[in-house]
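S.K.: When we follow the numbering used here, the leftmost residue of the sequence shown carries the number 1, and every step to the right adds one.
Sharing a structure here in structure tokens format.
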Amino acid sequence: GFTPKLADAYNKIRANGKALEIVFVSSDKEDKAFTDYYAEQPWLALPYDKRDLKNLLSKKYKVQGIPSLVLLDAATGQT
């Protein structure tokens with residue numbers, strides 16, 4: 001699946017001392033589903049209760065399906 005492959009790449013990149021961060025933004029319908037899924041992930045996550053921010057990010061980056069991956073430049077915030 002997508003998430004295990006992404007986690008493997010993330011861990012390898014970080015182990016090599018490269019600067020990379022992933023922030024998981026959940027589209028789960030309930031907190032328990034988010035908590036269970038996020039428990040398997042090695043990166044940061046937007047807290048589940050931040051639904052307004054999640055919706056704003058989804059709109060800003062035109063997320064229409066899952067999974068979606070948005071790459072941002074840390075210095076500029078641009079895609």
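Note that CB positions come from ideal geometry on N, CA and C, so glycine has one too.
Everything numeric in this text was worked out from a predicted model, so none of it was measured.
Helix or strand or just coil, what does DSSP make of A75?
M.R.: By 1-based counting over the sequence shown, the position of residue 75 is 75. In this structure, A75 counts as coil in the three-state DSSP scheme.
S.K.: Determine, using beta-carbon pairs with one atom in the region 42-58 and one in the region 14-28, whether at least three such pairs fall under 8 Å.
M.R.: yes
S.K.: Should V70 be labelled buried (16 or more other beta-carbon atoms within 10 Å of its own) or exposed?
M.R.: Against the sequence shown, residue 70 aligns to sequence position 70. With fewer than 16 Cβ atoms within 10 Å of its Cβ, V70 is classed as exposed.
S.K.: Relative to the alpha-carbon of R51, which residue among A75, E30, N11, I13 has its alpha-carbon at the smallest distance?
M.R.: Position 51 of the sequence shown, counted from the start, is the residue given in the question as residue 51. Per the Cα distances, E30.
S.K.: Just mark F2 as buried or exposed, buried being the case when its beta carbon has 16 or more other beta carbons within 10 Å.
M.R.: Numbered from 1 along the sequence shown, position 2 holds the residue referred to as residue 2. It is exposed - the Cβ of F2 has fewer than 16 other Cβ atoms within 10 Å.
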